[in-house]
Structure formats: structure tokens, C-alpha cells
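Q: Pasting in a structure now, in C-alpha cells, and then I'll have a few things to ask.
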Amino acid sequence: MQQSEVRRIAIVLRAYLEERCGGELFGLINNAGCVRSWYSTTEDGYEQQFALNHLAGFQLTHYLLPFLQKANGRILITSSGSHKWMKVHWNDVMFRKGYNPLLAYKQSKLCNMLFAFSLNKRYSASGVKAYGIDPGLVRTDIGFKQTGSLVKFVWSLRAKSGVSPETPAKTYSFICSQENPPPGLYYYLCKEQKYSKQITKENADRLFRLSELLCGITFGRYDF
7 MQQSEVRRIA
17 IVLRAYLEER
27 CGGELFGLIN
37 NAGCVRSWYS
47 TTEDGYEQQF
57 ALNHLAGFQL
67 THYLLPFLQK
77 ANGRILITSS
87 GSHKWMKVHW
97 NDVMFRKGYN
107 PLLAYKQSKL
117 CNMLFAFSLN
127 KRYSASGVKA
137 YGIDPGLVRT
147 DIGFKQTGSL
157 VKFVWSLRAK
167 SGVSPETPAK
177 TYSFICSQEN
187 PPPGLYYYLC
197 KEQKYSKQIT
207 KENADRLFRL
217 SELLCGITFG
227 RYDF
């Protein structure tokens, strides 16, 4: 997804929230995601899994943050249990020097968790709470979009043992329906879970700064 497209979507959403919702947004779910079999980039030049799975949600959250703050809102970011077995490749976050699609996917899910961690450190005092959500293995068509024949075959087998989208939807509903923000950072099947030891302030701050640079934005400053 191009950054210009995210910005265009944000402009439409901001106008709608101002006109129809009193400038408030209680819940934002960053759920867009992809899997790729081969190395490919967006028009901005960023590896597609990193760009869509992490940067797109990072950018959209930036543009909608004032509306979330006004509503004491909640931000839910779709991560994955696979984040627990990954480190950020700081010297090559785009995997340009050697692409491994599975590692690129796991890294993007770790970035989701680090972003949620950063949001809580920076904005929980203003009433905003962020969560990383593990949906589990879900029967969707993510493994069939812009992937090779091997990935399609493997996904067709794995998806059979997955759950319907309604199952993880209960966790999103649970988080958003509680009167008081549930504690913790990481949830699976409506229950708080342990997360990777890579989720540290140092890593979170480093990713936050890098993401701002790559998106050409600064949280708290807006150009429209």
C-alpha cells in the first residue's frame, strides 16, 4: 500500500469523524496484512510485508490519533504469535540483502507489538490504550494473494485447521466493549498473553523513530 493512499484514506476518515462523530473515534483496528512469496516493494520502495503489515497502520494511527485521544479510544493491532521467535533486522529491515518471506512476515508482526508498546508508553496518559492481538490461525485467503504455488498449496492445507474469522473477532469485541480498558498488551482468545522479550522500550523507541522517518511524519504534527 502506498503512503499516498493511506493519507488519502485518512483525509476521508477525518472528514467523516468531524462531520458525523463529533470528532471522536473510540476504536481503531489496524488489521490490513499480507504475505508475499518473493521480494517486492511498494511504489515508495519499501518491502511489501513491512509496508502493509506495519507502516500503513503506523501512518493511519498518526493521522487519527487526535480523534482517539478525544474519545479515550483503543487501538487494536493485529499481530501474531510468530512475533515471539523473531528479532528486528535493524541493519536490513527490508531484507534487501537476502529475502526470506517467512522472516519478513514474522518481523512485521513483531513490529506490530513494538508499535502497540510505544503507543502505550507515549499516549496512555492521554487516555489512549493500544493492544496487540493474536488472531490465531484463521481461514482467510491471505495465503492466496500474490503468492507462489508452493505457498498457495501449503496455505490450502493449513487453513483447513484454522478457525472462522468470527472467533478472533470476539477478542476485538471484548477489548472494545469493556467499560475500562483491559490490562496488558497482548491478547489471544480474550485473554492476556505473554509476549516476546524483544518488546523493550529501546527496541520500541528505535522502531518508532525509524517508522516516522520512513513515513515522513512526526506524531503530533499534521500537514492537513
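In this note's numbering, the protein residues as written are 7 to 230. Virtual Cβ for every residue (Gly too), placed ideally from N, Cα, C. Note that the structure is a prediction, hence the values are computed from the model and not measured.
Could you check where the alpha helix (DSSP H) with N186 kicks off and where it finishes?
A: Your numbering for residue 186 matches position 180 in the sequence shown. That residue, N186, is in no alpha helix (DSSP H); it is neither H nor E in DSSP.
Q: Under the rule that 16 or more other beta-carbon atoms within 10 Å means buried, what is V41, buried or exposed?
A: Taking the first residue of the sequence shown as 1, we reach residue 41 at position 35. Classification for V41: buried.
Q: Could you round the C-beta distance between V99 and F56 to whole angstroms and report it? I think they count as a contact, below 8 Å.
A: For the purposes of this step, residue 99 is taken as the residue at position 93 of the sequence shown. For the purposes of this step, residue 56 is taken as the residue at position 50 of the sequence shown. About 6 Å; that satisfies the 8 Å criterion.
Q: Which runs of the beta strand (DSSP E) at least 3 residues long sit entirely within the stretch 16-86? Give them in chain order.
A: 33-36 and 80-84
Q: Does the Cβ-Cβ distance between Y129 and Y193 come in under 8 Å?
A: Here the question's residue 129 lines up with position 123 in the sequence shown. Here the question's residue 193 lines up with position 187 in the sequence shown. No; because the gap between Cβ atoms is not below 8 Å, this pair is not in contact.
Q: Just how far apart, CA to CA, sit I81 and T47?
A: Taking the sequence shown and counting its residues from 1, one reaches residue 81 at position 75. Taking the sequence shown and counting its residues from 1, one reaches residue 47 at position 41. Rounded to whole angstroms, I81 to T47 spans 27 Å at the Cα level.
Q: CA-CA distance, P107 and K127?
A: As a working mapping, residue 107 is identified with position 101 in the sequence shown. As a working mapping, residue 127 is identified with position 121 in the sequence shown. One C-alpha to the other measures close to 30 Å.
Q: Taking the C-alpha atoms as reference points, what is the distance between G133 and Q75?
A: Numbered from 1 along the sequence shown, position 127 holds the residue referred to as residue 133. Numbered from 1 along the sequence shown, position 69 holds the residue referred to as residue 75. When rounded, the distance between both Cα atoms is 6 Å.
Q: Hey, how far is the Cα of N186 from the Cα of G104?
A: Counting from one through the sequence shown, the residue named residue 186 turns up at place 180. Counting from one through the sequence shown, the residue named residue 104 turns up at place 98. Between N186 and G104, the C-alpha separation is close to 45 Å.
Q: On the criterion of 16 or more Cβ atoms from any shown chain inside 10 Å, does T265 qualify as buried, or is it exposed?
A: Residue 265 lies beyond the stretch modelled for the chain, which goes from 7 to 230, so this question has no answer here.
Q: Looking only at DSSP bridge pairs, what is R227 linked to?
A: Residue numbering aside, residue 227 sits at position 221 when the sequence shown is read from its first letter. Note: R227 is bridge-paired with T224 in the DSSP secondary-structure output.
Q: Whose C-alpha, out of G190, Q9, D211 and M7, is nearest the C-alpha of K135?
A: Here residue 135 refers to the residue found at position 129 when the sequence shown is read from its first residue. Of the listed residues, the one whose Cα sits closest to K135 is G190.
Q: Mapping the DSSP letters down to three states, classify K93 as helix, strand or coil.
A: For this step, residue 93 is matched to residue 87 along the sequence shown. Coil at K93, not helix or strand.
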